[in-house]
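J.: Starting off with a structure, shown below.
In the working numbering, the protein residues as written are 157 to 240.
Here is the structure:
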């Protein structure tokens, strides 16, 4: 149980670290400084972590990466939409 709590706290920190980027990208409509390859690789990584979490039944890893997949997908959407 303590391991799950640590996992959820660690995941929350990671999620919170992405929120300013999502908000800034939304407000400024500018994602030029973000590499599309980096965004795609992070998205692939989060999907793989979800697969892993399902296989080993790791709820914290699953929950965190579902939220991160949504955030990163939104950044990818903005990157494609506003790419100059």
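Here a beta-carbon is modelled for each residue, glycine too, at the ideal position from N, C-alpha and C.
Which complete alpha helix (DSSP H) runs does the region 203-240 hold, if anything under 4 residues is left out?
T.: Listed in chain order, the complete alpha helix (DSSP H) runs (minimum 4 residues) inside the region 203-240 are 215-238.
J.: Which residue comes first and which comes last in the alpha helix (DSSP H) that contains residue 173?
T.: Per DSSP, residue 173 belongs to the alpha helix (DSSP H) from 158-184.
J.: Express the C-alpha separation of residue 175 and residue 183 in angstroms, rounding to a whole number.
T.: In a straight line, the C-alpha of residue 183 is about 12 Å away from that of residue 175.
J.: Check residue 187 in the structure and name its three-state DSSP category.
T.: The answer is coil: DSSP assigns residue 187 none of H, G, I, E or B.
J.: Could you work out which residue in 166, 159 and 181 is closest to residue 220 when comparing CA atoms only?
T.: When only C-alpha atoms are compared, the closest one is 166.
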